[in-house]
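Residue numbers (UniProt numbering): 1 to 193. This report concerns only the one structure given below.
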Ligand SMILES: [Zn+2]
């Protein structure tokens, strides 16, 4: 069986200068690129997810509550939806887009251009272990990791290659990972404003 690195939502809008910036996001993007360069044979597969909104309804709030509703972000066709330039994407085999018409925090809600979901793609490629990196620790990384574990993948979160929106929600994510039997490595970047 094989393993995969999952890169969650390392997009311009979630990094410094973006509409829903996570402090430390640009460093996470660079750190993932360094990891990929340092371990050229480290994973059988490398995949990425993108938050990818057309009209996600109540996911965009005016004003947002920053719990269930957010400033507009990662709108299809905008620069904000593109991968951050610090992320070297040449080893990314496939991108799973999520959230076109509703909130979608987990990469497991995403699909390829052909409509294949992440769990099916991983199983079809013989993956049974996943390592998860990206943004943000306490929202989309959290949801992706919990779904990975629920789908039966042996799951590790590389916390040192994630950044969190806030300390309280980050603590909640760490507890949820522990409760779900998810392995973690390192500490998340938390630079709450
Ligand atoms: Zn979103």
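We put the CB at the ideal spot given by N, CA and C, even for glycine.
- Taking a C-beta distance under 8 angstroms as the contact criterion, residue 191 and residue 24 qualify as a contact pair.
- Check the Cα spacing between residue 105 and each of 73, 86, 82, 120: the tightest is with 73.
- Membership of residue 32 in the alpha helix (DSSP H) is indicated by the continuous run 25 to 38.
- Rounded to whole angstroms, the separation of the alpha carbons of residue 166 and residue 184 is 18 angstroms.
- The beta-carbon distance between residue 130 and residue 93, rounded to whole angstroms, is 14 angstroms. This is too long to meet the 8 angstroms contact definition.
- Residue 134 and residue 43 have their alpha carbons spaced roughly 16 angstroms apart.
- If you check the C-beta of residue 64 against ligand 1, you find no heavy atom less than 7 angstroms away.
- Short of 7 angstroms from the beta carbon of residue 111, and not among the five residues preceding or following it, lie these beta carbons of its own chain, in chain order: 96, 97, 117.
- By the criterion of a C-beta distance shorter than 6 angstroms, residue 151 is surrounded in its chain by 119, once the five residues flanking it on both sides are discounted.
- Contact check for residue 79 against residue 3 fails: the beta carbons are separated by 8 angstroms or more.
- At least one heavy atom of ligand 1 lies less than 7 angstroms from the C-beta of residue 56.
- Closer than 7 angstroms to some heavy atom of ligand 1: that does not describe the Cβ of residue 107.
- With the rule of 3 Cβ pairs closer than 8 angstroms, the segment 45 to 63 does not count as touching the segment 25 to 32.
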